[in-house]
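Asks:
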Amino acid sequence: MEELNNKLDKITFDENAEHDVSKDPIYAAKDHDSQFDPKQYLEGFYKTAKEDTAMQVILFFLPGVLYRLPEKVENLLDLGAGPTVYIPIAVRKRAENIFTSDYAEANRQTLKSWIESKSEFDWTNVCTWLSNIEATNESPKMMQELARSKMRGILSVNVHKDTVIQEVYYQHTEYKKEIPKQFDVVTTVFCLEYASETLEEYQNAVKNATSLIKNGGFLIQGGVLNADEYSFGGRRFRCHHLTKEQLLNCLKQNNMSIDEKESCFKLIIHDDIFILVSKKYM
Ligand SMILES: C[S@@+](CC[C@H](N)C(=O)[O-])C[C@H]1O[C@@H](n2cnc3c(N)ncnc32)[C@H](O)[C@@H]1O
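The opening position of the sequence shown corresponds to residue 1 in full-length UniProt numbering, with each subsequent residue numbered one higher.
(1) From what residue to what residue does the alpha helix (DSSP H) around S113 run?
(2) Taking the beta strand (DSSP E) that R32 falls in, what are its first and last residues?
(3) Candidates A29, T210 and D271: which alpha carbon is nearest Y281's?
(4) For S278, report the span of its beta strand (DSSP E) as first-last.
(5) Please classify G216 as buried or exposed, where buried requires at least 16 other C-beta atoms within 10 Å of its C-beta.
(6) Name the one or two DSSP bridge partners that T100 has.
(7) Between M143 and I87, what straight-line distance do the alpha-carbon atoms span, to the nearest angstrom?
(8) I'd like to know whether the C-beta atoms of V168 and G153 end up nearer to each other than 8 Å.
(9) Taking 8 Å as the cut-off, decide whether the C-beta atoms of V277 and V65 are in contact.
(10) Just to confirm before moving on: does the CB-CB distance between G233 and Q109 stay below 8 Å?
(11) State the DSSP-derived secondary structure class of L130, mapped to helix, strand or coil.
(12) Should N75 go down as buried or exposed, given a rule of 16 or more other Cβ atoms within 10 Å for buried?
(13) Whether or not the segment 223-233 and the segment 69-83 are in contact is what I'm after, with contact meaning three or more pairs of Cβ atoms, one per stretch, closer than 8 Å; do they touch?
(14) Quick check: the segment 122-134 against the segment 173-183, are at least 3 beta-carbon pairs closer than 8 Å?
(15) Take the Cβ of P25 as the centre, count every other Cβ of all protein chains shown within 10 Å, and call the residue buried at 16 or more, exposed below.
(16) Check for me: the beta strand (DSSP E) holding S139 runs from which residue to which?
(17) Out of L62, V159 and V157, which has the shortest C-alpha to C-alpha gap to I133?
(18) Could you tell me how far apart the beta carbons of A29 and R238 are, in whole angstroms, since I believe they sit closer than 8 Å?
(19) Alpha carbon to alpha carbon, how far is I220 from R236? Give it in angstroms, no decimals.
(20) Would you call T188 buried or exposed, if buried means 16 or more other Cβ atoms sit within 10 Å of its Cβ?
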């Protein structure tokens, strides 16, 4: 924690920056499919893994949170991955079959190009950041190769639909099984509150997302509290103003553990960025 605080203290925000974000156009959460620019997003948030406090908090605490999962996980889904692959990289040793997903086709295309080793974006810095926290001496190339070898599919998803998985966008040719309807672990970071604009929508998104978890399975959720919008690349997107109370209530209403006394629940909040692990009761 001290290490992270030191790192966060070193981030300098340019208060005199000429660009006034409040003048950028603002889009609805549902416009992610047409207005999300994967390249700008990755350049803005993941280029050095030091660029953005929110991503730093997630990447710093993620390996520790994953440690609470069973040693072997058969099927894992990253729900609303955007164009990012840090989750598959972080779970590469634990998960047997990794599925990723997004609502926007541009993001699904970006995920596919990484799986096919044709990624335009360089994940080396994020790998190095993760490997420092994991204390592993694997190279970024080895980390990505292992993660890639576990990728089984890319799904088109919409958390506002009862049937979240709308279609299979890509399936690895060697994966002959049917895509699971439920997973041992679902991870979802900066997705559920960013896909919603009202509490009702958020509640529905959590209900739908948790329906993808097997009984006895786990949810790893990351996100932001008390925010009304987010922005990158000259565009803003409205989001649901999520409170800690709403976050916990929604989990409870969906049969997910929220008791810190149980080893299957852990919530970390730093600067309004949260990451949690919660188990679905049998
Ligand atoms: C801020 S990005 C988060 C991406 C990534 N998980 C991360 O940690 O950087 C929000 C993502 O939510 C996705 N999203 C928006 N509406 C959605 C919906 N209705 N269903 C599923 N995903 C949605 C967007 O397409 C976008 O990729």
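Even glycine gets a Cβ: it sits at the ideal position worked out from N, Cα and C.
Replies: In brief:
(1) Counting along the chain, the alpha helix (DSSP H) containing S113 begins and ends at E105 to I115.
(2) Inspection of the sequence shows that residue 32 is occupied by His rather than by Arg. Note, H32: premise wrong, no beta strand (DSSP E); alpha helix (DSSP H) at H32 to Q35.
(3) T210
(4) Counting along the chain, S278 sits inside the beta strand (DSSP E) bounded by residues I273 to K279.
(5) exposed
(6) D78 and I154
(7) 12 Å
(8) Yes, these two residues count as a Cβ contact at 8 Å.
(9) yes
(10) no
(11) helix
(12) Around the Cβ of N75, a 10 Å sphere holds 16 or more other Cβ atoms; the residue is buried.
(13) no
(14) no
(15) exposed
(16) It is not in any beta strand (DSSP E) - S139 carries neither H nor E in the DSSP assignment.
(17) L62
(18) 6 Å
(19) 26 Å
(20) buried
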